[in-house]
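Just remember that the working numbering sits 11 ahead of the position in the sequence shown, which is counted from 1.
Here the structure comes first, spelled out in structure tokens, and everything after it is commentary.
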Amino acid sequence: MATRWLDSSTLSVTELRWNGAIFEEPAAQQMWEELPPGLRMIAITELAAGNHARNILRNVRRGIVLLAFSGRPLAATPARPDLRVHTAHAHGNYCYEGTFCTFEDVNSACFLAFDDAHTLTPSNPSLQPTCYGWLRQPPSAGGLKR
């Protein structure tokens, strides 16, 4: 598991290991416990269905936690008044290119994000998954031309 700051206000944990009850990385487990119970229940259903949790982050400035899955939702989306589903980008909803949708808990502004596996192409290794969508990474030093 890798824990790192993405910027001055966002701590991210990748390479998550879920053992059926908790995340094995303490920082990831702490963030998991900060997710609202409704989002945790949806996430547990997704994990049980085989969706892979690939990243969890905390944005300290906004006071939110986001858990990202590597695929589209596998379970039915619950109809709840405290759950907003985003399928297109709008400011602050974490639904960027490469994200199929996000589920937002309207009371806490915490999210579950679901990647669109169809966006990843092995022929384009410059696209790397992040909780902010698919961001173009700079070429390696060996690929830079002078």
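Beta carbons: idealized from backbone N, C-alpha and C, even for Gly.
It should be emphasised that the depicted structure is a prediction, and the values quoted were computed from it without experimental measurement.
How would you write the range of the alpha helix (DSSP H) that residue i sits in, first residue to last?
i	result
isoleucine 55	48-60
glutamate 43	As written in the sequence, residue 43 is tryptophan, which differs from the glutamate given in the question. Note, tryptophan 43: alpha helix (DSSP H), 37-45.
On the DSSP bridge assignment, give the partners of residue i in chain order.
i	result
alanine 79	Asn66, Ala124
alanine 87	Looking at the DSSP assignment, alanine 87 forms no beta bridge with any residue, so it has no partner.
threonine 14	Val24
Closer than 8 Å by C-beta to residue i: which residues in its own chain qualify, once you throw out the five before and the five after it? Chain order, please.
i	result
valine 96	Thr88, Cys112, Thr113, Phe114, Glu115
threonine 98	Cys106, Phe111, Cys112
Where does the unbroken beta strand (DSSP E) through residue i begin, and where does it stop?
i	result
aspartate 116	110-116
arginine 95	94-97
Going by beta carbon distance, what residues of the same chain come within less than 7 Å of residue i, once the five residues before and after it are set aside?
i	result
leucine 85	Glu57, Ala60, Gly61, Asn62
isoleucine 33	Gln40
asparagine 70	Ser20, Thr21
Rounded to the nearest angstrom, how far is the Cβ of residue i from that of residue j, given a contact under 8 Å?
i	j	result
alanine 64	phenylalanine 80	6 Å
By Cβ distance below 6 Å, which residues in the same chain neighbour residue i in space, the five residues on each side in sequence not counted?
i	result
arginine 83	Phe111, Phe125
glutamate 45	Val76
Tell me, please, whether the segment 14-27 touches the segment 46-55 by the rule of three or more beta-carbon pairs shorter than 8 Å. no
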